[in-house]
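Each residue of the sequence shown is one higher than the last, beginning at 954 in our numbering.
Below you'll find the structure, written out as structure tokens, and then a few comments.
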Amino acid sequence: MGPLFNASDEWSFVIALVIGIAFGYILESAGFSSSRKLAGVFYGYDFVVLQVFFTAAITAAIGLLFFEYFGWIDLSAIWVNRFYTGSAILGGAIMGFGFVIGGFCPGTSACASAIGKIDAMLFLGGFVIGVVIFDAFYPFYEKFYKSGNQGPVKIYESLGMNREVFLLIFVAFAIFAFAATAYIQQKVSQKSKKY
954 MGPLFNASDE
964 WSFVIALVIG
974 IAFGYILESA
984 GFSSSRKLAG
994 VFYGYDFVVL
1004 QVFFTAAITA
1014 AIGLLFFEYF
1024 GWIDLSAIWV
1034 NRFYTGSAIL
1044 GGAIMGFGFV
1054 IGGFCPGTSA
1064 CASAIGKIDA
1074 MLFLGGFVIG
1084 VVIFDAFYPF
1094 YEKFYKSGNQ
1104 GPVKIYESLG
1114 MNREVFLLIF
1124 VAFAIFAFAA
1134 TAYIQQKVSQ
1144 KSKKY
């Protein structure tokens, strides 16, 4: 078992560039360069973002499970970020707040900036300023940032579940979310047509 390809450091950068360009193209093709489409999730008129991300997560999870089953990849060799409870909750709240206000996340703002959208460029500029401020004042809140260290835990492990059972529940939840969001979107569009 091992990686799908074993590249030298020089080729790793080339592969990363190709994957990054492909990812940006997919974001643009899915309409993720539109702040109205992205904000539509919060206002109930467009759930494409939710559907694309659920589809991507399910495809990746099932794909990785089968890749391990066939011996094409070793899942234990995949690096997983450490989970810090406090900073994850605060960071998620700040990013969610910014997402609702600006209509972009860091990835989608880069995608929209690449095609010349001024609002995305401003959002991306704010993101860069935020990173600089975070780095400059890091010693002041490092203790909080690293508090609640759960280690490189996966969701199914933290819930004490078998990964296959968790994946089955996750897929069922995604199907339910697709149906529920389609219903909500239909109701919101009918309501907006009345006005």
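Heads up, the beta-carbon is just placed ideally off N, CA and C, and yes, glycines get one too.
Point to revise | C-beta contact flag for residue 1056 and residue 988 at 7 angstroms | key: yes
Point to revise | Beta-carbon proximity list for residue 1119, same chain, < 6 angstroms, skipping 5 on both sides | key: Answer for residue 1119: 1109, listed in chain order.
Point to revise | Beta-carbon spacing of residue 1134, residue 970 below 7 angstroms | key: No, Cβ-Cβ distance for residue 1134 and residue 970 is not below 7 angstroms.
Exercise for review: Could you tell me whether the stretch 975-985 touches the stretch 1052-1071, where touching means 3 or more Cβ pairs closer than 8 angstroms?
Suggested key: yes
Review point. Which residues bound the alpha helix (DSSP H) around residue 1048?
Key: 1038-1055
Exercise for review: Take the Cβ of residue 994 as the centre, count every other Cβ of all protein chains shown within 10 Å, and call the residue buried at 16 or more, exposed below.
Suggested key: buried
**Study point:** Straight-line Cα distance separating residue 1027 from residue 955
**Key:** Low local confidence applies: a pLDDT of 49 at residue 955 is under 50, so the model's placement there is unreliable, with the coordinate-based value given in what follows. Distance between the alpha carbons of residue 955 and residue 1027 is about 6 angstroms.
Review point. What are the start and end residues of each continuous alpha helix (DSSP H) run of 4 or more residues lying completely inside the stretch 989-1023, in chain order?
Key: Taken in chain order, the complete alpha helix (DSSP H) segments of 4 residues or longer contained in the stretch 989-1023 are 1001-1022.
Exercise for review: Please report the residue range of the alpha helix (DSSP H) in which residue 1077 lies.
Suggested key: 1071-1089
Check your understanding: So which of 1092, 1078, 1096, 1070 has the shortest CA-CA distance to residue 1038?
Key -> 1096
Practice item. Just confirm the distance between the C-beta atoms of residue 1143 and residue 997, as a whole number of angstroms; I'd bet it's less than 8 angstroms. Key: Not a contact, Cβ separation roughly 11 angstroms.
Check your understanding: Under 7 angstroms between the Cβ atoms of residue 1035 and residue 1092?
Key -> no
Practice item. Please report the Cβ distance between residue 1127 and residue 1007, rounded to the nearest whole angstrom; I am assuming they are in contact, meaning their Cβ atoms lie under 8 angstroms. Key: That pair is a contact at about 4 angstroms.
Check your understanding: In angstroms, rounded to a whole number, what distance separates the CA positions of residue 967 and residue 976?
Key -> 14 angstroms
Practice item. Within 10 angstroms of the Cβ of residue 991, are there 16 or more other Cβ atoms? Answer buried if so, exposed if not. Key: buried
Check your understanding: Closest to residue 1033 by CA distance: which of 1010, 1121, 1122, 1107 is it?
Key -> 1107
Check your understanding: Who are the near neighbours of residue 1112 in its chain, counting only those whose CB is closer than 8 angstroms to its CB and skipping five residues on each side?
Key -> Closer than 8 angstroms at Cβ, skipping near neighbours: 1119.
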